Amino acid sequence: MKRLIILLILTTVDICFAIPIITNYQGFLSSPSGIPLDTTVSMGFAIYAQESGGNVLWSESHASVTVTDGLFNVLLGSVTTLSDVFAGDRWLGITIGSDAQMSPRERIVSVAHSYRVGTIDGATGGNVTGNLALSGKATFGAGHTNGGIGSFIIGQNNQTSLDYSFISGLGNSSYGIASSVAGGSNNDLAGDYALIGSGFGNYTDGNYSLVAGGQSNGIEGNHSVLGGGQSNYVTGGHAALLGGSGNNVATDYATLCGGQTNLASGDYSFLGGGRYNKARGDYSVISGGGGSSSIDSNFAGGQYSAVGGGRRNASSDSFTVVAGGYYNRALGVGAVVCGGYNNVADTLYSTIGGGRSNNATGYGSTIGGGAANTADTSFATAGGGWNNDASGYCTFVGGGLSNIADSSYATVGGGRQNEAGARSSVIGGGTSNVVLGTSASICGGSSNTATDIYASVGGGYSNDATGSSSAIAGGSNNVASGYAAAIPGGGSNRAAGSYSFAAGHGAKAIHGGSFVWADDHDDSVYVAVDNRWVARSSGGVYFYTNATMTTGSYLASGSGTWNSVSDSTKKRNIRQVDTKSILEKVSTLPIKQWSYKSQDEGIEHIGPMAQDFWNQFHVGDDSLSISSVDPNGIALAAIQELVKQNEAKDKQISALDARVKQLEETILQFGNLKNSNKQ
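Under the numbering used here, think of the first position of the sequence shown as 3, with each following residue one higher.
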């Protein structure tokens with residue numbers, strides 16, 4: 003049993019007639035196993051008006067038909083004239099040798115046509131209607147070279163040498179198995195199972211690759227895609243380049259969307275577009291940007307690095323990011339520059355938010371923005387401003403101008419030309435302040451210094467806290483040089499003694515533990531010994547002991563004594579006292595000479611003991627102290643009583659004097675009388 007594959011009948015001997023006199027018939031004959039035959043067979047042909055049964059309208063037999071490589075040709079009508087047998091629907095029946103007629107019969111659709119055609123040389127014009135099935139290779143047009151099995155060529159001057167290829171267009175070539183050039187001109191395809199869609203001068207050497215179109219584009223990697231554009235190249239496998247001009251994907255699994263003269267050379271890298279950009283690191287990303295020359299390109303060179311856009315930016319180490327801007331560099335592992343101009347984050351995990359000409363060169367350092375700022379030590383931070391330097395370990399400069407935090411854990415909040423130069427030192431702000439003491443601080447002001455450990459200046463101008471743990475709250479030209487010395491403010495004060503205190507204007511607490519307060523006079527106020535409280539208040543000193551300031555004492559201006567409030571309107575429970583009783587108690591009150599244990603033994607006092615005073619009079623706050631107002635009142639009451647008693651005695655004395663005089667006169671008279679009697 004032989005198998006016949008009917009190819010096509012189109013060519014006629016005389017194409018001048020509507021129905022050809024002789025029609026060429028070509029077929030393919032193979033064994034049941036599909037092997038093409040090389041033999042000679044007899045064949046019979048018959049035309050019917052029905053698909054099955056019916057009368058034979060025409061028939062002829064060919065006793066010896068040569069079959070070569072399965073192909074044979076027969077001229078129908080060369081034995082029996084066809085005449086007008088094709089008028090109407092017709093079916094062709096074919097018999098090979100002694101076999102039964104093949105079933106089903108093949109329908110003849112129109113004039114000078116058949117089921118499959120090996121060649122159609124000489125045919126011009128016309129239409130093909132219905133389904134068209136071809137087996138083997140097909141070539142349409144002039145100048146083609148079709149050397150592949152089952153290959154199909156359309157157009158002009160196209161060529162293929164391998165099987166199952168498809169070529170269309172002009173001057174295209176395909177040398178890959180089952181590959182296709184769909185159109186265009188001068189395209190060259192050498193990869194198996196590859197496709198060039200169209201365009202001019204495109205090529206692909208990669209298997210399973212696709213060039214959709216464009217001009218002078220090429221693929222060398224397998225399983226890669228190039229969308230279009232001009233002079234783009236993909237040399238990596240499983241890569242993609244969508245378009246643009248002069249772009250190159252030079253590694254596996256990389257993607258480049260478009261732009262001009264861009265390069266994606268890192269595995270799994272992505273480059274969105276722009277110009278002159280280079281994604282060289284594995285898994286790196288450049289979204290776009292670039293400039294007019296190669297020097298303006300963005301560069302992502304580290305693994306997992308990224309450049310969002312901008313111009314002349316570089317992410318050179320692993321996990322680095324430059325989001326955008328111009329001439330920014332992220333050079334250390336995990337470094338980030340968000341944007342700005344000429345910023346450099348060149349150490350591990352350093353970060354710059356933006357700004358201009360900032361340098362984060364310390365491990366984990368951060369610069370928020372601003373211009374010309376530096377964070378060059380581990381974990382240092384400069385928030386912003388201009389020309390600030392955070393150069394100590396874990397230092398912080400918040401902003402401002404030309405501030406420096408150059409020792410570990412130092413902080414400058416802002417201001418201008420401030421320097422926190424000691425460990426854990428702090429400057430809040432201001433101008434030209436300097437902290438050189440460990441854990442010392444200046445809150446603000448101008449030209450202040452804190453140069454010893456734990457020293458502090460709150461603010462003001464030209465204040466110097468040079469003693470350990472010393473403090474100046476504010477003012478101007480104050481100096482606290484003693485240990486734990488304090489100046490609350492004022493001007494030109496000096497606290498030089500340990501734990502000393504100076505306030506006002508020109509107060510000089512130069513001894514330890516001294517307290518000096520001066521008013522606004524120019525002359526300085528000094529203290530001569532340790533632990534002394536000295537104050538100059540030329541307008542007087544007033545102390546009040548209640549919230550409404552109605553009770554207290556004062557030392558009036560120029561006065562040497564204290565005055566206590568004694569206004570009757572400020573008193574209650576006012577009543578007369580028993581002056582006689584008070585005098586009697588005073589007369590029995592022990593009055594002694596003594597010295598305080600806290601004073602030098604040579605300093606003595608005279609007065610009652612508080613306990614004795616309390617027992618006698620029971621006035622005052624308690625039994626351990628004597629108020630100055632009470633002894634004064636008691637003394638006055640006692641004096642009043644003495645006055646009363648003296649007045650009574652004076653009267654008694656006057657009466658006695660009168661009696662004495664009277665007695666003297668009586669005696670005198672008696673003497674005179676006696677003398678007269680003697681005479």
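Even for Gly, the Cβ is constructed at its ideal location relative to N, Cα and C.
Given the structure is predicted, the values throughout are model-derived calculations rather than measurements.
Linking Q647 to M611 through their CA atoms gives a straight-line distance of about 28 Å. Counting only the Cα atoms, N159 lies some 26 Å from V227.
Within the region 533-583, the complete beta strand (DSSP E) segments of 3 residues or longer fall at 535-537, 543-546, 554-557 and 564-566, listed in chain order. Residue F272 holds the alpha-carbon nearest to the alpha-carbon of Y255 among Q262, L670 and F272. Under the criterion of beta carbons closer than 8 Å, A51 and R92 qualify as touching, at roughly 6 Å. In terms of Cα proximity to G508, the closest of D525, G515 and G514 is D525. Residue range T25 to S32 is occupied by the beta strand (DSSP E) that includes Q28. For A511, the enclosing beta strand (DSSP E) begins and ends at A509 to A511. F619: member of the alpha helix (DSSP H) spanning A612 to F619, first to last residue.
Taking 3 residues as the minimum length, the beta strand (DSSP E) runs contained wholly in the region 40-64 are 41-50, in order along the chain.
The beta carbon of G432 lies closer than 6 Å to those of G417, G446, G447 and S448 in the same chain, with the five residues before and after it left out.
Rounded to the nearest angstrom, the Cβ distance from A505 to P490 is 5 Å, consistent with a contact under 8 Å. Taking C-alpha positions only, N279 is separated from A467 by approximately 57 Å.
By the neighbour-count criterion, in which 16 or more other beta carbons inside 10 Å mark a residue as buried, M551 falls on the exposed side.
In the three-state reduction of the DSSP assignment, S359 falls in the coil class. The Cβ neighbour count for Y546, taken over all protein chains shown within 10 Å, is under 16; the residue is labelled exposed. Under the criterion of beta carbons closer than 8 Å, Q618 and K587 qualify as touching, at roughly 5 Å. DSSP places Q595 inside the beta strand (DSSP E), whose first and last residues are K594 to W596.
Annotated three-state conformation of S458 is strand, per DSSP. Here Y285 is buried. Its C-beta has 16 or more other C-beta atoms within 10 Å. Judged by pairs of C-beta atoms under 8 Å, the region 97-105 does not touch the region 71-81, as fewer than three such pairs exist.
DSSP places I98 in the uninterrupted beta strand (DSSP E) bounded by R92 to I98. Straight-line measurement puts the Cα of D632 at about 10 Å from the Cα of L638.
Looking at the DSSP output, N148 sits in a beta bridge with T162. Taking 8 Å as the upper bound for CB-CB distance, G439 and I429 are not in contact here, some 12 Å apart. Relative to the Cα of S555, the nearest Cα in the group S566, N548, S561 and A549 belongs to S566. The DSSP-derived three-state label of K646 is helix. Rounded to whole angstroms, the separation of the alpha carbons of D602 and G562 is 24 Å. The continuous stretches of beta strand (DSSP E) do not include R107, and DSSP gives it neither H nor E. Less than 8 Å separates the beta-carbon of G364 from that of A382. Taking the Cα of A302 as reference, the smallest distance to any Cα among A281, Q671, G515 and A487 is reached at A281. Per DSSP, the unbroken beta strand (DSSP E) holding H607 starts and ends at H607 to G609. Sequence-distant partners of G334 (beyond 5 residues in either direction) whose C-beta falls short of 6 Å from its own C-beta, in its chain, are D319, D348, T349, L350 and S352. Inter-residue distance for I221 and L172 is about 20 Å (C-alpha atoms, whole angstroms). For A140, the uninterrupted beta strand (DSSP E) run begins and ends at A140 to F142, by DSSP. Across the set A487, L77 and S570, the C-alpha of A487 shows the shortest separation from the C-alpha of S500.
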